[in-house]
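**Q** One structure, pasted below without further comment.
In UniProt numbering, the protein residues as written are 1 to 275.
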């Protein structure tokens, strides 16, 4: 079925496709996460080794920022007290900036920087009442929803993709998506299946149907349209994630958003739980 173009404001009237899928069409398993680089808790390391450890790199960076700022502040303001004050303020500023840009998914666990770029955009939606869960697993599978967004305009399953910018993105008859010569049917089917599973799990716990809208956010090559629905998945340039979500009509109350978010946290566990 030809779904046609989605309006430029991102609104899609296409219903979410639900149906049984043969086992051979299920999404391919994603690679498992590499082993943690963290040292065992009971391992005692000298101070130099601790500072060189990945866990303490932010502290080392913060100390360096404070030292440089303190020296410059002491010289420019002609006083060691001013230098100490400048160092403390610089370390506080660095902490705040790092906290705002820090991802909730550790860098070594991410498939690509595309997820980080989408996550940075979604953080800006929090002040508008949106809630986001990142890297959520579909139970009994290797599939992962990169970003599950719950907000006033609905529920969304967004997968982020970083593609080779040298290869063009094109669509054929609104049913086939190509990146250069490569057919992306499997990737679209995976994104749709993830949204379907999330819809079933959340809806069963909530006691009513919840539509989870699937999307593929592409980074790298130019996408020659604003938003296009291909195989019932909205496809667009990654920079349009926030606009694609917020331009839809409001459909959920604050109470419903909170309830769905709580259910989603339980029904879709983190792909990489902290230990």
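All C-beta atoms, glycine included, are put in the ideal place defined by N, C-alpha and C.
Would you report the Cα separation of residue 117 and residue 246, rounded to the nearest angstrom?
**A** Each residue's alpha carbon lies about 17 Å from the other.
**Q** Measuring CB atoms only, is the segment 263–272 touching the segment 130–148, in the sense that at least three cross pairs come out at less than 8 Å?
**A** yes
**Q** On the premise that residue 241 lies in contact with residue 122, defined as a C-beta separation below 8 Å, what is that separation, rounded to the nearest angstrom?
**A** 7 Å
**Q** In angstroms, rounded to a whole number, what distance separates the CA positions of residue 167 and residue 62?
**A** Rounded to whole angstroms, the gap between the alpha carbons of residue 167 and residue 62 is 40 Å.
**Q** Below 8 Å, how does it come out for the segment 151–167 and the segment 242–261: are there three or more Cβ pairs, yes or no?
**A** yes
**Q** Which runs of the alpha helix (DSSP H) at least 4 residues long sit entirely within the UniProt domain "NERD" (110–225)? Give them in chain order.
**A** 113–123 and 185–206
**Q** What residues match up with residue 270 in a beta bridge as DSSP calls it?
**A** 136
**Q** Please report the straight-line C-alpha distance between residue 73 and residue 59, rounded to a whole angstrom.
**A** 21 Å
**Q** With 8 Å as the threshold, decide whether the Cβ of residue 126 is near any Cβ in chain C.
**A** Of the protein chains in the structure, only one exists, and it is not chain C.
**Q** By the three-class DSSP mapping on this structure, what secondary structure does residue 241 have?
**A** helix
**Q** Distance check for residue 86 and residue 179, CA to CA, integer angstroms please.
**A** 51 Å
**Q** On the criterion of 16 or more Cβ atoms from any shown chain inside 10 Å, does residue 244 qualify as buried, or is it exposed?
**A** By the Cβ-count criterion, residue 244 is buried, with 16 or more other Cβ atoms from all chains shown falling within 10 Å of its own Cβ.
**Q** Check whether the Cβ atoms of residue 194 and residue 150 lie closer than 8 Å to each other.
**A** Contact annotation: residue 194 and residue 150 have beta-carbon atoms that are not nearer than 8 Å.
**Q** Considering only their Cβ atoms, is the gap separating residue 164 from residue 221 smaller than 8 Å?
**A** Contact annotation: residue 221 and residue 164 have beta-carbon atoms nearer than 8 Å.
**Q** Could you round the C-beta distance between residue 161 and residue 114 to whole angstroms and report it? I think they count as a contact, below 8 Å.
**A** 6 Å
**Q** Tell me which same chain residues have a C-beta within less than 7 Å of the C-beta of residue 44, skipping the five on either side of it?
**A** Per-residue confidence for residue 44 stands at a pLDDT of 47, beneath the threshold of 50, marking its modelled position as unreliable; no derived number is given.
**Q** For residue 93, count the other beta carbons within 10 Å of its own beta carbon; 16 or more makes it buried, fewer makes it exposed. Which is it?
**A** exposed
**Q** Got a sec? Which residues, its chain only, sit under 8 Å from residue 172 by beta carbon, not counting five neighbours each side?
**A** 178
**Q** Could you give the C-beta distance for residue 215 and residue 145, rounded to a whole number, given that I count them as a contact under 8 Å?
**A** Not confirmed; about 11 Å, so no contact.
**Q** What number of angstroms, rounded off, separates the C-alpha of residue 142 from the C-alpha of residue 272?
**A** 12 Å
**Q** Considering Cα atoms alone, identify which of 270, 64 and 254 is closest to residue 126.
**A** Of 270, 64 and 254, the residue nearest in Cα terms is 254.
**Q** Per DSSP, what kind of secondary structure is residue 233 in: helix, strand or coil?
**A** strand
**Q** Buried or exposed: where does residue 230 fall if 16 or more other Cβ atoms within 10 Å of its Cβ makes it buried?
**A** buried
**Q** When we look at the beta-carbon of residue 71 and count the other beta-carbons within 10 Å, is it buried (16 or more) or exposed?
**A** Sixteen is the threshold: since fewer than 16 other Cβ atoms of the shown chains lie within 10 Å of the Cβ of residue 71, the residue is exposed.
**Q** Does the distance from the C-beta atom of residue 191 to that of residue 159 stay below 8 Å?
**A** A contact, by the Cβ cut-off of 8 Å.
**Q** In angstroms with no decimal places, state the Cα-to-Cα distance between residue 147 and residue 89.
**A** So the two alpha carbons sit approximately 34 Å from each other.
**Q** Residue 75 to residue 82, Cα distance in whole Å?
**A** 9 Å
**Q** Rounding to the nearest angstrom, what Cα-Cα distance links residue 185 and residue 176 in this structure?
**A** 6 Å
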